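Have a look at the structure below, then the notes.
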Amino acid sequence: MQDERTQLTDRARALLLSFAISHNASDFCRFLTVVTFRDLGATAAVMARVEPDGILRFTGQYGQPAEEADAAFGSESQTALLKQSITMGRIQQASIALDSEVDLELDFLAIPFTPASEVQGALGLSFRNRARAAEVSETDIHLLSLLSELMAINSMPRIRTSGLLSKLYFDSLDLDEVSALTPRQLRVLDEMAIGKTNAQIARSLNVSESTIKQECVRIFRVLGVSTRQRAVAMGKEMGII
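Residue numbers (the working numbering): 188 to 428.
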């Protein structure tokens, strides 16, 4: 009888490890690219989720060119495939031309979250050679879908006033103060957590950079901190990001 411990593939082990050591969606995308699917020539990963207002929001990325990351964490073709995978509830795979002059293509795989997920979204993986996406097994795709869903849910701004960490670190008055953060301030804090600059956050929220700076000052005041790094750390401790 085969040892049950051998039933978990090396790829599945790498997927679970990538999830376990990731602090946010961008971390997860990075580990998927440089560790889990490195042997298949993975070049980039991106995660997106659908907000309550129906807008597709990119919550994490790794390996995208800077100009594309600022715009939408990926090309229009990739974004379209992610949307199709979410809408149809099926995996989408295609070769995407990046430079017609040198015939440069990436193989792109869009994997939607599980149908029963409390949040809609998808994970996109880019590979440097055509047909490499087809080498990702069905089992690994199912695991990717589940882990991506959990990572996306975990990165959603929220107040968990009954959380154990909140009770250990803060009294009820502090929690009342934190609950005074507006939805936009929670969004700003969430964007800080994935490493966006004030300018990038401003573009994402379609407001001026000075508005974002003002929101940061208010966030710092409520959380009792003076730096972005400490604000993010405090937010994670309290369970609001």
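From the three backbone atoms N, C-alpha and C, an ideal C-beta is built for every residue, glycine too. Please read these numbers as outputs of a predicted model, since none were measured by experiment.
Could you spell out the range, first to last residue, of the alpha helix (DSSP H) harbouring residue i?
i: Leu269; result: 263-275
i: Thr196; result: That residue, Thr196, is in no alpha helix (DSSP H); it is neither H nor E in DSSP.
i: Leu337; result: 325-341
i: Asp214; result: 212-218
Please say whether residue j and residue i have beta carbons closer to each other than 9 Å?
i: Pro299; j: Gly276; result: yes
i: Ala199; j: Arg315; result: no
i: Ala212; j: Ala320; result: no
i: Ala281; j: Ser264; result: yes
i: Glu378; j: Ser391; result: yes
i: Ile283; j: Leu293; result: yes
i: Gly422; j: Ala380; result: yes
i: Ser205; j: Leu227; result: no
i: Thr326; j: Thr414; result: no
Quick test of your reading: residue i and residue j, contact by CB under 8 Å. State the CB separation rounded to the nearest angstrom.
i: Ser313; j: Ala235; result: The pair is not a contact, with the Cβ atoms about 14 Å apart (cut-off 8 Å).
i: Leu202; j: Leu296; result: Contact flag wrong, Cβ pair sits at about 14 Å.
i: Val419; j: Ile399; result: Not confirmed; about 15 Å, so no contact.
i: Leu368; j: Val404; result: Going by Cβ atoms, the distance from Leu368 to Val404 rounds to 13 Å, so no, they are not a contact pair.
i: Arg217; j: Tyr249; result: 4 Å
On a Cα-Cα basis, can you pick out the residue from the options that is closest to residue i?
i: Glu336; options: Gln307, Ser324, Glu322; result: Gln307
i: Ile242; options: Ile273, Ala281, Gln279, Phe206; result: Ile273
i: Val394; options: His329, Arg408, Gln372; result: Gln372
i: Thr246; options: Leu368, Gly422, Asp294, His210; result: His210
i: Leu269; options: Tyr249, Asp294, Gly311; result: Gly311
i: His329; options: Arg317, Glu305, Thr301; result: Thr301
i: Val237; options: Asp327, Phe407, Ser304; result: Ser304
i: Ala309; options: Ser332, Arg225, Arg217; result: Ser332
i: Pro370; options: Glu396, Ile406, Gln387; result: Ile406
i: Arg417; options: Gly382, Ala207, Arg244; result: Gly382
i: Ser324; options: Thr223, Ala389, Ala386; result: Thr223
For the beta strand (DSSP E) that contains residue i, what are its first and last residues?
i: Ala229; result: 229-237
i: Phe314; result: 308-314
i: Thr246; result: 243-249
Between residue i and the ligand ATP, is the CB less than 8 Å from at least one heavy atom?
i: Phe206; result: In the structure on display, the ligand ATP does not appear, and there are no ligands present to speak of.
May I have a chain-ordered list of the alpha helix (DSSP H) segments no shorter than 4 residues that lie completely inside the stretch 366-405?
370-380, 385-392
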